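Asker:
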Amino acid sequence: MAPKVFSPYQQAKADLLDRLGKYCCYCERPADLHIDHIVPKSRHSELEEDWTNLVLACVNCNATKGNQNESRAGYLWPDQDDTEAAFEYCRDGIVQVRNEISESMRTKAKRLFHLVGLGRRPAQNPTASDLRWRKRREAWSIAESVRSMFEQASDHTQMGDLAVKVAKGIGFWSVWMAVFSDHPHICERLRDEFVGTASLVECERRRTAFTRKSVQSLGPTSEPPVPRSAP
Ligand SMILES: [Zn+2]
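According to this note's numbering, the residues represented by the sequence shown are 795 to 1025, in order.
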């Protein structure tokens, strides 16, 4: 397949929605999405239209990330790494880096966590426009209510269908996966229905579908420091 060219890069949005779904790649919120350059285009202009450098992000994740990272090196990235294994989603909209992962993965996960401000809450960063935590907390509460209805329902098939539909509307896939963790059949369906949450092999196939150019071969390879106030 010939490499697909997106020039200007904004033309990639429809294909990115097909590949990643209508949610922010970092916080998983269904918000007004912007095209995010994983390696900032201000640092590597040659990657501005590179399909493998593009994901979708909400305004808060996109703005918080800015052009801080020089390259992909040293961070986990939602389009190529197992962020599901790295982050734990908890009641009250809390996200934290898991303890039970390798030190190397934990270090990279902490860097991504701080890069996009995944743990920001009003008490720490009272930014009225940053609704990520509040929306995640709402999603958790809705998911718990739906789970309760699912568990009490006489027709699990019908309620399961409804749960998946509501999850797709509300977004925050990881929240639903956590709340329905005792119901593997529903988790399996959530994985099927949310594009971009497939197995890593499938994610990698989609990421490189249009071009084989390696982003990781470009730019500085030295790793950034680990934030001191890591969770
Ligand atoms: Zn976001």
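Just so it is clear, CB atoms sit at the ideal spot from N, CA and C, and this is done for glycine as well.
None of the values given here were measured: they were computed from a predicted structure.
I need the DSSP call for H831, collapsed to helix, strand or coil.
Answerer: Translated into the one-based positions of the sequence shown, residue 831 becomes position 37. Looking at H831 - three-state DSSP - the assignment turns out to be strand.
Asker: Return the residue from the list E878, R928, S935 and E932 that minimises the CA-CA distance to F907.
Answerer: Here residue 907 refers to the residue found at position 113 when the sequence shown is read from its first residue. Residue E878 is the option with its Cα nearest to F907.
Asker: State yes or no: is the C-beta of K807 within less than 8 Å of the C-beta of I832?
Answerer: The residue given as residue 807 occupies position 13 in the sequence shown. The residue given as residue 832 occupies position 38 in the sequence shown. Going by C-beta atoms, K807 is not nearer than 8 Å to I832.
Asker: Quick one, are the C-beta atoms of W845 and R885 less than 8 Å apart?
Answerer: For the purposes of this step, residue 845 is identified with residue 51 of the sequence shown, where counting begins at 1. For the purposes of this step, residue 885 is identified with residue 91 of the sequence shown, where counting begins at 1. In this structure, R885 does not lie closer than 8 Å to W845 by Cβ.
Asker: What does the alpha-carbon distance come out to for the pair D873 and H977?
Answerer: Mapped onto the sequence shown, residue 873 falls at position 79. Mapped onto the sequence shown, residue 977 falls at position 183. Distance between the alpha carbons of D873 and H977 is about 26 Å.
Asker: Of the choices K929, E842 and L984, whose alpha-carbon is the least far from that of L956?
Answerer: For the purposes of this step, residue 956 is taken as residue 162 along the sequence shown, with counting starting at 1. Of the candidates K929, E842 and L984, the one whose C-alpha sits nearest the C-alpha of L956 is L984.
Asker: Here's the rule I'm using: 16 or more other beta-carbon atoms within 10 Å means buried, otherwise exposed. How should P916 be labelled?
Answerer: Walking along the sequence shown from the start, residue 916 turns up at place 122. Classification of P916: exposed, given that the 10 Å Cβ count is below 16.
Asker: Closer than 7 Å by C-beta to R1006: which residues in its own chain qualify, once you throw out the five before and the five after it? Chain order, please.
Answerer: For the purposes of this step, residue 1006 is identified with residue 212 of the sequence shown, where counting begins at 1. The predicted model places R1006 with a pLDDT of 36, which falls under 50 and marks its position as unreliable, so this point remains unresolved.
Asker: Pick from L814, R931, F988 and A880: whose alpha carbon is nearest that of G963?
Answerer: Here residue 963 corresponds to residue number 169 of the sequence shown, with the count starting at 1. The shortest C-alpha separation from G963 is found at F988.
Asker: Let's test the definition: count the other Cβ atoms within 10 Å of the Cβ of T1015 and tell me whether it reaches 16, buried, or not, exposed.
Answerer: Reading the sequence shown from its first residue, position 221 is the one you call residue 1015. With a pLDDT of only 44 at T1015, under the threshold of 50, the placement of this residue in the model should not be trusted, and no figure is reported.
Asker: Please list the terminal residues of the continuous beta strand (DSSP E) segment that includes A851.
Answerer: Counting from 1 along the sequence shown, the entry for residue 851 is found at position 57. Segment L848 to C852, the beta strand (DSSP E) holding A851.
Asker: Within a Cβ cutoff of 8 Å, which residues of the same chain sit near S839, ignoring the five residues on either side of it in sequence?
Answerer: In the sequence shown, counting from the first residue as 1, residue 839 sits at position 45. Taken in chain order, the list of residues that qualify is empty.
Asker: Comparing C-alpha positions only, which one of R931, S948 and G911 sits nearest to C852?
Answerer: As a first step, residue 852 must be located in the sequence shown, where it is residue number 58. With distances taken between Cα atoms, C852 lies closest to G911.
Asker: List, from N- to C-terminal side, the alpha helix (DSSP H) runs of 4 residues or more that fit wholly inside the segment 852–933.
Answerer: Here the runs fully enclosed are 853–859, 877–880 and 897–910.
Asker: In or out: M971 buried (at least 16 other Cβ within 10 Å) or exposed?
Answerer: Translated into positions along the sequence shown, residue 971 becomes position 177. Under this definition M971 is a buried residue.
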